[in-house]
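Beneath this line is the structure, given in structure tokens, with notes to follow.
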Amino acid sequence: MANVGLQFMASAGDGDPQSRPVLLLGQLQNLHRVPWSHLRGKLQPRVTEEIWQTALGTLNPNPTDSCPLYLNYATVAALPSRVSRHNSPSAAQFITRLVRNCLPGGTNRCILMVCERSEVFASACALARAFPLFTHRSSASRRTEKTVTVEFFLVGQNNGPVEVTTLKCLTSATEGVRLAARIVDTPCNEMNTDNFLEEIKKVGKDLGIVPTIIRDEELKQRGFGGIYGVGKAAVHPPALAVLSHTPEGATQTIAWVGKGIVYDTGGLSIKGKTTMPGMKRDCGGAAAVLGAFRAAVRQGFKDNLHAVFCLAENSVGPNATRPDDIHLLYSGKTVEINNTDAEGRLVLADGVSYACKDLGADIILDMATLTGAQGIATGKYHAAVLTNSEEWEAACVKAGRNCGDLVHPLVYCPELHFSEFTSAVADMKNSVADRDNSPSSCAGLFIASHIGFDWPGVWVHLDIASPVHAGERATGYGVALLLSLFGGASEDPLLNMVSPLGEDADPQGDMERDCKRRRLV
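Residue 1338 in the numbering used here sits at position 391 of the sequence shown, with consecutive numbering throughout.
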């Protein structure tokens, strides 16, 4: 599906399914609410109203179901009728699966997505995940370009037509999701640190922003011992890159810090032959930050927003960091290396320190494929959130449900957990003494310690190690989450609606609240 163009339209128009195959998708109760007059032009002459009603009667979603309407040219698919409190009401994961399995083939296809207005954003991002951009299959170059046109039919309250501004937002968001997934899917022999920087420069050029880039020996000279120490053995040198959006009238400064390990061998604490494949995905946090930053700025972001990319390849060579080495990080703290495969926290420690000291951020969010233990703690679909703010913890969970990028909290208890990093010769080690003591929480606390547990701003850590991929494909996880979580700072009405504040928030009361640091949630 790498050569598929995805477009969102208020109306996809009419078409014979034999020349334009169609998938109709939604919860069963919502599909029943679509009048035949709206469907007739998309299904006739191949499908009659009687066939349509009969097909709806045969659907029994458990959790999903589908039924062909006409050969392989028209299909109706039903989402789960209900979801649990820890899932998204949009059933986003099931949307992606059904589109992959049920969308008929063809060069010009149509999806009619039936949902409530509050589910449009999550549904669009879920659709985007079904159409990855990266492929190196030899047959791909011989295939013709394909187009999938998506039309939303809204049911429930506020079920008017989809506005042009909404369609523009969906286009920006889904392009961000597909950009992030493409970067994560691309192997390191192409997506090395040099080429990742080119991706950053392309986004900067698109937005009229010149990135700040610190590379190689300059990292060492300026004190970025974490990024430099991780990446110094690789052929392509490590880098810290920053894209900055600073609009007039901004009242706070936000930094998104992404882990961009373009490949993780584990370093001298090398991974095995079964655990190393797939480590091209270790740049998922930085990829998500890049995709979200482009979409957020395009849609009008009202506050200062900095995207900080910590790029390195954790490689093996004569210059590789050794266990027992001690590095001085940008925070001024020293770290004894006891595991070179715990490298992500080292680059992120430099990144958050830079965001605090040089960018003056009020809110720092770091996103990373940090620990394998995340998948054990919160599973394949929910990222893990660790934060010094109870309000932001709740906001992350709510934003995840609103956008389909699900989130669940980790234990935040530095007074019990941070002692795992005790070192006799440095300020701390980089890996825990006891791997059975909440290792995902501990890994996040290592990052937080480099801005200080008493730092007065908001710090949010998102570990996306498992949801960054589904099987062998990247999901673009994190783009929708960042856009939703910070939707209150956007000029875009749709992002305002899916923010944790929601469409019913009281702007006046929010302005009066004494809380610049919590204003977005």
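All C-beta atoms, glycine included, are put in the ideal place defined by N, C-alpha and C.
Checklist entry - Curious, which full-length alpha helix (DSSP H) runs of at least 4 residues does the region 1283-1322 contain? => result 1291-1304
Checklist entry - Just curious, the beta strand (DSSP E) that TRP1402 is in, first and last residue? => result Here residue 1402 is taken as the residue at index 455 of the sequence shown, counted from 1. From DSSP, TRP1402 is part of no beta strand (DSSP E); its letter is neither H nor E.
Checklist entry - When the Cα atoms are used, what is the spatial distance from ASP1401 to LYS1220? => result What you label residue 1401 is simply residue 454 of the sequence shown in a count that begins at 1. What you label residue 1220 is simply residue 273 of the sequence shown in a count that begins at 1. Rounded to the nearest angstrom, the two C-alpha atoms are 41 Å apart.
Checklist entry - When you compare each of GLY962, SER1446, ILE1156 to ALA1341 by their alpha carbons, which one comes out closest? => result As a working note, residue 1341 is residue 394 in the sequence shown. Minimum Cα distance to ALA1341 is reached at SER1446.
Item to check | Buried versus exposed, by CB contacts within 10 Å (16 or more), ARG980 | outcome: Along the sequence shown, read from residue 1 onward, the residue named residue 980 stands at position 33. Exposed, because fewer than 16 other Cβ atoms sit within 10 Å of the Cβ of ARG980.
Checklist entry - Which of helix, strand or coil does DSSP assign to GLY1326? => result Translated into positions along the sequence shown, residue 1326 becomes position 379. If DSSP states are grouped into helix, strand and coil, GLY1326 belongs with coil.
Checklist entry - What does PHE1100 pair with, by DSSP beta-bridge criteria? => result In the sequence shown, counting from the first residue as 1, residue 1100 sits at position 153. Answer is VAL1061, bridged to PHE1100.
Checklist entry - Where ASP1305 and ASP1132 are concerned, what is the direct C-alpha to C-alpha distance, given to the nearest angstrom? => result Numbered from its first residue, the sequence shown carries residue 1305 at position 358. Numbered from its first residue, the sequence shown carries residue 1132 at position 185. Their Cα atoms are separated by approximately 32 Å.
Checklist entry - Of all the alpha helix (DSSP H) runs that stay within the bounds of the region 1104-1165, which reach a length of 4 or more residues? => result 1111-1132, 1140-1154
Next on the checklist: Would LEU990 and ALA1021 qualify as a contact pair, given that the criterion is a beta-carbon distance under 8 Å?
Outcome noted: Taking the sequence shown and counting its residues from 1, the one referred to as residue 990 is at position 43. Taking the sequence shown and counting its residues from 1, the one referred to as residue 1021 is at position 74. Contact: yes.
Checklist entry - Unbroken alpha helix (DSSP H) runs of length 4 or more, entirely within the region 1014-1077: which are they? => result 1039-1049, 1067-1076
Next on the checklist: Measuring alpha carbon to alpha carbon, tell me which residue in CYS1389, LEU1237, GLY1052 is nearest GLY1291.
Outcome noted: Reading the sequence shown from its first residue, position 344 is the one you call residue 1291. The residue with the shortest Cα to Cα distance from GLY1291 is CYS1389.
Next on the checklist: Measuring straight from C-alpha to C-alpha, what distance separates GLY1391 and HIS1408?
Outcome noted: Locating residue 1391 in the sequence shown gives position 444, where the first residue counts as 1. Locating residue 1408 in the sequence shown gives position 461, where the first residue counts as 1. Each residue's alpha carbon lies about 6 Å from the other.
Item to check | alpha helix (DSSP H) segments (min. 4 residues) lying fully within the region 1230-1293 | outcome: 1231-1245
Checklist entry - Should LYS1206 be labelled buried (16 or more other beta-carbon atoms within 10 Å of its own) or exposed? => result By 1-based counting over the sequence shown, the position of residue 1206 is 259. The residue is buried, with at least 16 neighbouring Cβ atoms inside 10 Å.
Item to check | Same chain only: Cβ atoms within 6 Å of GLU1137, ignoring 5 sequence neighbours per side | outcome: The sequence position of residue 1137 within the sequence shown is 190, counting from 1. Answer for GLU1137: no residue qualifies.
Next on the checklist: Pull the bridge partners of LEU1429 from the DSSP assignment, please.
Outcome noted: Here residue 1429 corresponds to residue number 482 of the sequence shown, with the count starting at 1. Beta-bridge pairing links LEU1429 to no other residue.
Checklist entry - Taking DSSP as the reference, what is the three-state secondary structure of LYS1220? => result In the sequence shown, counting from the first residue as 1, residue 1220 sits at position 273. Looking at LYS1220 - three-state DSSP - the assignment turns out to be coil, as it is neither helix nor strand.
Checklist entry - Going by Cα to Cα distance, which pick from HIS985, PRO1185, ASN950, CYS1057 is closest to ARG1084? => result Position 137 of the sequence shown, counted from the start, is the residue given in the question as residue 1084. Here the closest residue by C-alpha is ASN950.
Item to check | For LEU1006, three-class secondary structure by DSSP | outcome: What you label residue 1006 is simply residue 59 of the sequence shown in a count that begins at 1. If DSSP states are grouped into helix, strand and coil, LEU1006 belongs with coil.
Checklist entry - Which one of ASP1272, LEU971, PHE1256 has the shortest CA to CA distance from GLY1100? => result As a working note, residue 1100 is residue 153 in the sequence shown. Looking at the sequence itself, residue 1100 is Phe, so the reference to Gly does not match. Closest by alpha carbon: LEU971.
Item to check | Cβ pair count under 8 Å reaching 3, the region 1333-1347 against the region 1424-1438 | outcome: yes
Next on the checklist: Is it buried or exposed, MET1444, if we count other Cβ atoms within 10 angstroms and call 16 or more buried?
Outcome noted: Numbered from 1 along the sequence shown, position 497 holds the residue referred to as residue 1444. Counting Cβ neighbours within 10 Å, MET1444 comes out buried, since at least 16 surround it.
Next on the checklist: Let me confirm a value: ASN977 is counted as buried when at least 16 other C-beta atoms fall within 10 Å, else exposed. Which label applies?
Outcome noted: The count along the sequence shown starts at 1 and reaches residue 977 at position 30. Under this definition ASN977 is a buried residue.
Next on the checklist: Between LYS1220 and chain B, is any beta-carbon pair separated by less than 8 Å?
Outcome noted: This model lacks chain B altogether; it includes just one protein chain.
Item to check | Nonlocal neighbours in the same chain, by C-beta distance under 7 Å from TYR1175, ignoring five residues either side | outcome: Reading the sequence shown from its first residue, position 228 is the one you call residue 1175. For TYR1175, where only same-chain residues beyond five positions count, the Cβ hits under 7 Å are LEU1166, LYS1167, PRO1185.
Item to check | Endpoints, the alpha helix (DSSP H) within which HIS985 is located | outcome: Locating residue 985 in the sequence shown gives position 38, where the first residue counts as 1. Unbroken alpha helix (DSSP H) run through HIS985: 983-990.
Item to check | Opening and closing residue of the beta strand (DSSP E) in which HIS1192 lies | outcome: The sequence position of residue 1192 within the sequence shown is 245, counting from 1. Element bounds for HIS1192: 1186-1192.
Next on the checklist: Give me, in chain order, the residues of the same chain whose beta-carbon lies closer than 8 Å to that of VAL1372; leave out the 5 immediate sequence neighbours on both sides.
Outcome noted: Reading the sequence shown from its first residue, position 425 is the one you call residue 1372. Around VAL1372: ILE1273, GLU1283.
Item to check | Range covered by the alpha helix (DSSP H) that runs through VAL1182 | outcome: Against the sequence shown, residue 1182 aligns to sequence position 235. Careful: VAL1182 lies outside any alpha helix (DSSP H) and carries neither H nor E.
Checklist entry - Mapping DSSP to helix, strand and coil, what is THR1094? => result Residue mapping note: residue 1094 aligns to position 147 of the sequence shown, counting from 1. DSSP places THR1094 in strand when its eight states are reduced to three.
Checklist entry - Which residues share a DSSP beta bridge with LEU1409? => result For the purposes of this step, residue 1409 is taken as residue 462 along the sequence shown, with counting starting at 1. BP columns for LEU1409 point to MET1314, VAL1332.
Checklist entry - How would you write the range of the alpha helix (DSSP H) that GLY1205 sits in, first residue to last? => result As a working mapping, residue 1205 is identified with position 258 in the sequence shown. Run containing GLY1205: none in the alpha helix (DSSP H); it sits in the beta strand (DSSP E), 1200-1211.
Item to check | Cα-Cα separation between ALA1395 and ALA1296, rounded to whole angstroms | outcome: Translated into the one-based positions of the sequence shown, residue 1395 becomes position 448. Translated into the one-based positions of the sequence shown, residue 1296 becomes position 349. The straight-line gap from Cα to Cα measures roughly 7 Å.
Checklist entry - Going straight from the alpha carbon of VAL1415 to that of GLY1423, what length do you get? => result Taking the first residue of the sequence shown as position 1, residue 1415 is located at position 468. Taking the first residue of the sequence shown as position 1, residue 1423 is located at position 476. Straight-line Cα distance between these residues: approximately 6 Å.
Next on the checklist: Residues in the same chain with beta-carbon distance under 6 Å from ASP1163, minus the five sequence neighbours each way, listed in chain order, please.
Outcome noted: Position 216 of the sequence shown, counted from the first residue, corresponds to residue 1163. Excluding sequence neighbours, ASP1163 sits near PRO1184.
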